[in-house]
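Position 99 (the sequence shown) corresponds to 89 in my numbering; numbering is contiguous. What follows is a set of notes on a single structure, which appears directly below.
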Amino acid sequence: MAENIGIPFLEGHYSPTLDLWPIEAKEFNRIHTFYDNLKEGKYTTTKCRGCGYISYPPRVICPECYSDDLEWIELPTRGKVITFVEKSIAIPIGFGEPLIDAWIDLGKDSPVRHVFSRVINCESGAIKEGDEVRFVVFDVPGHPIEWRKEKWIAERVYFAFEPVK
Ligand SMILES: [Zn+2]
């Protein structure tokens, strides 16, 4: 069995009900391009080619005009913390402490002005409103895939922001 599989606290076993992360493989996820872009370090979302509406998170259909003719656009990878929540108790299983979630301002020129994201690589008590943060991509445990009699481990990544030191 591959090394990077399953849930670390289950010692390598895989339990879908305890999986915290999206299935990113193109066979199971219509916004898999978002994750492919993450693997290249790009932060992206969808823009409608018909009416120009920008969705975040990315979508497969435009919520304004129902077109599925969407294109992928890049978002800025730096922003400023507007406000945040830092949890040090009752952390959901699988996450470390502190668990920090923040509203982040990507700037007035960004196609999406505000995003909600986890902030990682940050010690307890170290973050404050107005701090500069940057986009960061990290590995998450691989997902076992079974598709048309083939089996493989789909590598996965996810994103967060981290303080700019
Ligand atoms: Zn549209």
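Where is the CB? At the ideal position from N, CA and C, for every residue including glycine.
Quick one: Cα of residue 87 to Cα of residue 77, how far?
For the purposes of this step, residue 87 is identified with residue 97 of the sequence shown, where counting begins at 1. For the purposes of this step, residue 77 is identified with residue 87 of the sequence shown, where counting begins at 1. Rounded to the nearest angstrom, the two C-alpha atoms are 7 Å apart.
Give me the residue from 16, 152, 62 with the minimum Cα distance to residue 143.
Looking up residue 143 in the sequence shown gives position 153. Minimum Cα distance to residue 143 is reached at 16.
Please find out if some non-hydrogen atom of ligand 1 comes closer than 6 Å to the beta-carbon of residue 107.
The residue labelled residue 107 in the question sits at position 117 within the sequence shown. Not so, every heavy atom of ligand 1 lies at least 6 Å from the Cβ.
I'd like to confirm something about residue 5: is its beta-carbon nearer than 6 Å to some heavy atom of ligand 1, or not?
Here residue 5 refers to the residue found at position 15 of the sequence shown. No, Cβ of residue 5 sits at least 6 Å from all heavy atoms of ligand 1.
Evaluate residue 80 with the Cβ neighbour count: other Cβ atoms within 10 Å of its Cβ, from every protein chain shown; 16 or more gives buried, anything less gives exposed.
Residue 80 sits at position 90 when you count from the first residue of the sequence shown. By the neighbour-count rule (16 or more Cβ atoms within 10 Å), residue 80 is not buried but exposed.
Within 10 angstroms of its Cβ, does residue 72 collect 16 or more other Cβ (buried), or is it exposed?
In the sequence shown, counting from the first residue as 1, residue 72 sits at position 82. It is exposed - the Cβ of residue 72 has fewer than 16 other Cβ atoms within 10 Å.
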